[in-house]
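Each step along the sequence shown adds one to the number in UniProt numbering, with nothing skipped, and position 143 is 143. Beta carbons are placed, not taken as given, at the ideal position from N, Cα and C, and that holds for glycine.
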Amino acid sequence: MKRALFPGSFDPLTLGHFDIISRGVHLFDEVVVAIGINADKNYMFTLEERQKFIEEAFKDEPKVKVVTYKGMTIDFCKEIQAGFILRGLRNPADFEFEKAIAHTNRKLSKIETVFLLTAARTSYISSSIVRDVIRNQGDYTVLVPKSVKIK
1 MKRALFPGSF
11 DPLTLGHFDI
21 ISRGVHLFDE
31 VVVAIGINAD
41 KNYMFTLEER
51 QKFIEEAFKD
61 EPKVKVVTYK
71 GMTIDFCKEI
81 QAGFILRGLR
91 NPADFEFEKA
101 IAHTNRKLSK
111 IETVFLLTAA
121 RTSYISSSIV
131 RDVIRNQGDY
141 TVLVPKSVKI
151 K
């Protein structure tokens, strides 16, 4: 089975994330969306909310699994037998950042990183921009899947 891990904080899930996951299911037998737990980070949404957003967005896609994890991503890949890490690239800065991580992961393990370019229509969207729009009472719904709802 070709299993890929798509790690992130998903605070919140964006249309960019949704696009990468949706395209990833055509490349892999299973895409495991892994929400990293970092106690030092302040999140806008709870872990449970973030997990629910993703599960709801992909409820009709059996090839997508949603989990949480702590620690190094490559260690979690080994634990769940994922041979690939899936990452989305929006711009050259993303590439440089992700390239360094991918090289490090390859040095420490046999896990390959697969990069997908984000669709042009979503390349400007980031979770931090979505959070800023939400904090300022803007229309965040044009940036996220329908499953992302503010209470």
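Run of the alpha helix (DSSP H) containing residue i, from where it starts to where it stops
| i | result |
| --- | --- |
| E49 | 47-57 |
Proximal residues to residue i (C-beta, below 6 angstroms), its chain only, five neighbours per side dropped
| i | result |
| --- | --- |
| L86 | A4, F6, G24, V114 |
| A34 | L5, P7, V67, Y69 |
| T73 | P7 |
| S147 | F53, E56, A57 |
First through last residue of the beta strand (DSSP E) which encompasses residue i
| i | result |
| --- | --- |
| E30 | 30-36 |
Alpha-carbon spacing of residue i relative to residue j, whole angstroms
| i | j | result |
| --- | --- | --- |
| K110 | G83 | 8 angstroms |
| G8 | K151 | 23 angstroms |
| F58 | D40 | 28 angstroms |
| D139 | V66 | 27 angstroms |
| T104 | D132 | 31 angstroms |
| V144 | I134 | 11 angstroms |
| K149 | V142 | 12 angstroms |
| P12 | I37 | 14 angstroms |
| S22 | R90 | 16 angstroms |
| D60 | I54 | 11 angstroms |
Bridge partners - residue i, DSSP secondary structure assignment
| i | result |
| --- | --- |
| P7 | A34 |
| K65 | V32 |
Nonlocal neighbours in the same chain, by C-beta distance under 8 angstroms from residue i, ignoring five residues either side
| i | result |
| --- | --- |
| D29 | M1, K2, R3, K63 |
| L47 | I35, I37, T68 |
Neighbourhood of residue i by C-beta, 7 angstroms cutoff - its chain only, sequence neighbours within 5 removed
| i | result |
| --- | --- |
| D19 | T118, A119, T122 |
Length at least 3, wholly inside the region 77-148: the beta strand (DSSP E) runs in chain order:
84-89, 112-117
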